[in-house]
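Visitor: Quick note, the sequence shown lines up with residues -33 to -1, 1 to 634 if you use mature numbering (1 follows the signal peptide of the UniProt record, and there is no 0). Beta carbons: idealized from backbone N, C-alpha and C, even for Gly. Since this is a predicted model, take the numbers as computed values, not measurements.
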Amino acid sequence: MNVLDPTTVSRRGFLGGVAGAALTGLAPGPAIAAGPPEPAPRHRPPNVVFISIDDLGWDELGSYGNTFNETPRIDRLAREGMRFTSAYAAAPVCSPTRAALVTGLYPVHTGITDFLRAEPAASNKYLSPDIPTLPDVLRPFGYASGLVGKWHLTETYSGPYDERPGNPYAHGFDEVIASEQKYIADGDYFHPYFFMPDLPAREPGEHLTDRLAAEAVDFITRHRHEPFFLHVSNYAVHTALDGKPDLVAKYRAKPGAGQAPNRPVLAAMLESVDQQVGRIADTLADLGLARDTLLLVTSDNGGPYDDANQPLRGGKGDLYEGGIRVPLIAYWPGTVGPGQKNPTPTSTIDVLPTVLDLAGGDPDGRFDGTSIAPVLTGTGAVERDALFWVYPHFIGRTHPHAAVRSGQFKLVQYLRDGRSELYHLVRDPEETTDLSDRYPQRAHQLRALLETHIAESGLFPALPTPEHYPTVELEESFDSGLERWSVLPVTAYAAPPIVSGGRVAVTTNRMTHLVLRSDVAPGSDRVAVVLDTGTFAEAGTQDTVFVGLAKDAGNYLLFRYHNGLHRAGWDLRVNGALITAGVEPLDSLDGTVDLTGPAARYAFVLRGHVATAYVDQGSGWEFLFTADTGGAIDFSDPAVLAQYRYAASVRLDSGTITLDGLTAHRA
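1. In three-state DSSP terms, what is residue 108?
2. Measure the alpha-carbon distance for residue 594 versus residue 624 and round it to whole angstroms.
3. Buried or exposed for residue 317, please, with buried defined as at least 16 other CB atoms from any protein chain shown within 10 angstroms of its CB.
4. From 117, 222, 215, 354, pick the residue whose C-alpha is nearest to that of residue 178; which is it?
5. First and last residue of the beta strand (DSSP E) that includes residue 478?
6. On the three-state DSSP scale, how would you describe residue 4?
7. On a Cα-Cα basis, can you pick out the residue from 408, 469, 247 that is closest to residue 376?
8. Touch check for the stretch 557 to 568 and the stretch 583 to 601: three-plus C-beta pairs under 8 angstroms?
9. Which value, in whole angstroms, describes the spacing of the CA atoms of residue 518 and residue 104?
10. Do the stretch 411 to 428 and the stretch 337 to 344 make contact, defined as three or more Cβ pairs closer than 8 angstroms?
11. Quick one: which unbroken beta strand (DSSP E) runs of 3-plus residues sit fully inside the stretch 192 to 260? Chain order, please.
12. Helix, strand or coil, according to DSSP, for residue 615 in the structure here?
13. Helix, strand or coil for residue 276 per DSSP?
14. Figure out for me which residue from 521, 168, 58, 467 has the closest Cα to the Cα of residue 484.
15. Looking at C-alpha atoms only, which residue of 137, 168, 525, 183 is the closest neighbour of residue 99?
16. May I ask you to check if the CB of residue 362 is nearer than 6 angstroms to at least one heavy atom of the ligand GTP?
17. Along the alpha helix (DSSP H) that carries residue 605, what are the first and last residues, could you check?
18. Return the CA-CA distance between residue 80 and residue 466, expressed in angstroms with no decimal places.
19. My guess is that residue 462 and residue 474 are in contact by the Cβ rule of under 8 angstroms, so how many angstroms apart are they, rounded?
20. Looking at C-alpha atoms only, which residue of 256, 215, 222 is the closest neighbour of residue 236?
21. Distance, Cα to Cα, residue 256 vs residue 34?
22. What whole-angstrom Cβ distance do residue 312 and residue 372 have, given they're in contact under 8 angstroms?
23. Could you work out which residue in 288, 39, 175 is closest to residue 146 when comparing CA atoms only?
24. List the residues that DSSP assigns as beta-bridge partners of residue 113.
25. Which value, in whole angstroms, describes the spacing of the CA atoms of residue 402 and residue 413?
26. Please return the same chain residues whose Cβ sits closer than 7 angstroms to the Cβ of residue -3, not counting the five positions on each side in sequence.
27. From residue 438 to residue 564, what does the alpha carbon distance come to, in whole angstroms?
28. By Cβ distance below 8 angstroms, which residues in the same chain neighbour residue 393 in space, the five residues on each side in sequence not counted?
29. Give, in chain order, every unbroken run of the beta strand (DSSP E) that is at least 3 residues long and sits entirely within the stretch 410 to 488.
30. DSSP state of residue 381, grouped into three classes?
31. Look at the alpha carbon of residue 636 and the alpha carbon of residue 380, and state the distance between them as a whole number of angstroms.
32. Cutting at 6 angstroms between CB atoms, please list the residues of its own chain near residue 556, excluding the five before and the five after it.
33. Just checking my contact of residue 500 with residue 562 at CB under 8 angstroms: how many whole Å lie between their CB atoms?
34. Write down the C-beta distance between residue 482 and residue 440 rounded to the nearest angstrom, noting that I regard them as a contact closer than 8 angstroms.
35. When the Cα atoms are used, what is the spatial distance from residue 131 to residue 70?
36. Could you pull the DSSP bridge partners for residue 515 from this structure?
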């Protein structure tokens, strides 16, 4: 298919002439008149409209306790429907939650565990089209499927839209309307939209949230005679905040404006979303579809401001409740009874199995999620052993951690050192009191559940031990000198390395950065490279050692340790250029890594295009971070891997650094 307008093109293609274009939304135009109400046939499965609000916090809707923001239409849905009090996003950030929504799988099973980056990033992540999605499983039941708004499940923003890896058409959506063509960055809420340059305005001064409302109304109107699934995926209320001027002025004039948590611009944006929800609900009613449509309103993660999630702890990026517990409102007149407050723990992963169940399919055993249809229809309860979260990344103050909720207990575990905390969420929803010592058996049980979940996910490679990597490929103690090594200067000047007493030493009083590249290529893309650190310069501003793979001085992936700052990280060079776009902010590791001890080791563990850092500070291996380089150097490609060799490196500007040895083992 030749995509003419990637913001509005229909997957079902041209239906013929101008009429076809009008029906499929290939060319945006004036809103379609609704016409007289036509009740849907009662025998067809229900429609589903899923409205997501980006970065909406737990405490930002009136129906969830906010007294500054005005959300009357959403609050009305809560009064006339069901408000969940233990609903969760599948992740504490957006992309993994969005992947979980359309797949019914935990993020660890979709391959997307963090927000996706812009195209210059070293990685090349996207939601694999091999994974069945909501549109795929609903198609046999006659559903039309549409996405209006944000997708954010690819890192490719060039080339024909429908040929980009992970694009929504590849996942079965029939219509994709007003969705980003370029990376979203900090958003753009007034036309022209920089991330949708080909989308013409429908009215002067158009606001994006209003545009999404109009497109949603048109989609519903076009498909009123067939069952449909529509995801209205708002860009609001994500930063950078930018509301309509009249609404911003209204909130700035309110008492308490500007005093946390009262944010006038965010409130203005949220009121626009509320108006959007009202327009959609009114359209369903006007078309006679309200009683045949499940309308869901929720968020993709906790709010980025902690006070927007009160009284919950933390916010976006955290696996404490403030980062993952979100509002969820279900409205379905005649099916979901009014005025209900439901404590059932539920997650984004439950949406697909629930919708499939309501459509007449059998979701059992196919997904990580569970159908909550019995809860919605009042025909039963939902039982599950546990809900899991794994966020193995750094963002803001957040270190890699994981969590599990089972019953009323929740355990949070940090992935580096295994430290864990246990909370009772009914008695202590603010997660202020760690109960690990009071309930050691319960803590042990939840730790075992979580560790089993992580192990079964295959998210992390095995620890760099001979047990897991039995084939020796390199075992260098430098006793025989550097005959099998190439010395590759990275800087203009590089002091020569000297071998003495089984160590290689570099001494200088000038800036020196050199790579020691062995003559051994990895035998597979499943290897562990371990650097035995020696002594450090304890002087100058550099004092850094590296371990990893190198092709030459301008092409390498090396994990680094800066002794002066006790800092860990990674350097990726391609054709001489240092690639830093999209790199996780690892500065929160500063001061926490010390490789000066006699048994200190630094490991580079490769699995495909992802490398994982482990350190041993003398007490065993600890996980540090991962580096995905699939978009820059894809080591899963045998032709690429064959060009690289095991390597170590030093960088210093004063004093002496020594290296004790380098080993490489293959799985």
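Guide: In short:
1. Here the question's residue 108 lines up with position 141 in the sequence shown. Looking at residue 108 - three-state DSSP - the assignment turns out to be helix.
2. Counting from 1 along the sequence shown, the entry for residue 594 is found at position 627. Counting from 1 along the sequence shown, the entry for residue 624 is found at position 657. Whole-angstrom Cα-Cα distance: 26 angstroms.
3. In the sequence shown, residue 317 corresponds to position 350, counting from 1. Its Cβ being crowded by 16 or more others within 10 Å, residue 317 is buried.
4. Mapped onto the sequence shown, residue 178 falls at position 211. Nearest of 117, 222, 215, 354 to residue 178, Cα basis: 117.
5. Translated into the one-based positions of the sequence shown, residue 478 becomes position 511. No beta strand (DSSP E) contains residue 478, which DSSP labels as neither H nor E.
6. In the sequence shown, the residue the question calls residue 4 occupies position 37. Because residue 4 sits at a pLDDT of 37, beneath the cut-off of 50, its placement in the model cannot be relied upon, and the point is left open.
7. Along the sequence shown, read from residue 1 onward, the residue named residue 376 stands at position 409. Measuring from the Cα of residue 376, the nearest candidate turns out to be 408.
8. yes
9. On the sequence shown, position 551 is the one that residue 518 refers to. On the sequence shown, position 137 is the one that residue 104 refers to. C-alpha separation (whole angstroms): 45 angstroms.
10. no
11. 195 to 200
12. As a first step, residue 615 is located in the sequence shown; it is residue number 648 there, counting from the start. Three-state DSSP puts residue 615 in a strand.
13. In the sequence shown, counting from the first residue as 1, residue 276 sits at position 309. Here residue 276 sits in helix by DSSP.
14. Looking up residue 484 in the sequence shown gives position 517. If we check each option's Cα against that of residue 484, 521 comes out closest.
15. Translated into positions along the sequence shown, residue 99 becomes position 132. Looking at the Cα atoms, 137 is the closest of the given residues.
16. Absence of the ligand GTP is noted for the structure shown, with no ligands found whatsoever.
17. For the purposes of this step, residue 605 is identified with residue 638 of the sequence shown, where counting begins at 1. That run of the alpha helix (DSSP H) goes 605 to 608.
18. Here residue 80 refers to the residue found at position 113 when the sequence shown is read from its first residue. Here residue 466 refers to the residue found at position 499 when the sequence shown is read from its first residue. Distance between the alpha carbons of residue 80 and residue 466: 44 angstroms.
19. Numbered from its first residue, the sequence shown carries residue 462 at position 495. Numbered from its first residue, the sequence shown carries residue 474 at position 507. Confirmed, about 6 angstroms.
20. Within the sequence shown, residue 236 is the residue found at index 269, counting from 1. Residue 236 has its Cα closest to that of 215, out of 256, 215, 222.
21. In the sequence shown, counting from the first residue as 1, residue 256 sits at position 289. In the sequence shown, counting from the first residue as 1, residue 34 sits at position 67. Spanning the two alpha carbons is a distance of roughly 32 angstroms.
22. Sequence index remark: in the sequence shown, residue 312 carries index 345 (1-based). Sequence index remark: in the sequence shown, residue 372 carries index 405 (1-based). Contact holds; Cβ gap of about 6 angstroms.
23. Counted from its first residue, the sequence shown places residue 146 at position 179. Residue 146 has its Cα closest to that of 175, out of 288, 39, 175.
24. Numbered from its first residue, the sequence shown carries residue 113 at position 146. The partner list for residue 113 (beta bridge, DSSP) reads 142, 197.
25. As a working mapping, residue 402 is identified with position 435 in the sequence shown. As a working mapping, residue 413 is identified with position 446 in the sequence shown. Each residue's Cα considered, the two are about 12 angstroms apart.
26. Locating residue -3 in the sequence shown gives position 31, where the first residue counts as 1. The predicted model places residue -3 with a pLDDT of 35, which falls under 50 and marks its position as unreliable, so this point remains unresolved.
27. The residue labelled residue 438 in the question sits at position 471 within the sequence shown. The residue labelled residue 564 in the question sits at position 597 within the sequence shown. For residue 438 and residue 564, the distance between alpha carbons rounds to 27 angstroms.
28. Sequence index remark: in the sequence shown, residue 393 carries index 426 (1-based). Around residue 393: 375.
29. 438 to 443, 452 to 456, 465 to 467, 470 to 475, 479 to 485
30. The residue labelled residue 381 in the question sits at position 414 within the sequence shown. Strand.
31. Since the first residue of the chain shown is -33 and the last is 634, residue 636 is not available in this structure.
32. Translated into positions along the sequence shown, residue 556 becomes position 589. 535, listed in sequence order.
33. Within the sequence shown, the letter at position 533 stands for residue 500. Within the sequence shown, the letter at position 595 stands for residue 562. Yes, they are in contact, since the Cβ atoms of residue 500 and residue 562 sit about 5 angstroms apart, within 8 angstroms.
34. Residue numbering aside, residue 482 sits at position 515 when the sequence shown is read from its first letter. Residue numbering aside, residue 440 sits at position 473 when the sequence shown is read from its first letter. Between residue 440 and residue 482 the Cβ distance is about 18 angstroms, and since that is not below 8 angstroms, they are no contact.
35. Within the sequence shown, residue 131 is the residue found at index 164, counting from 1. Within the sequence shown, residue 70 is the residue found at index 103, counting from 1. Each residue's Cα considered, the two are about 19 angstroms apart.
36. As a working note, residue 515 is residue 548 in the sequence shown. Answer is 525, 614, bridged to residue 515.
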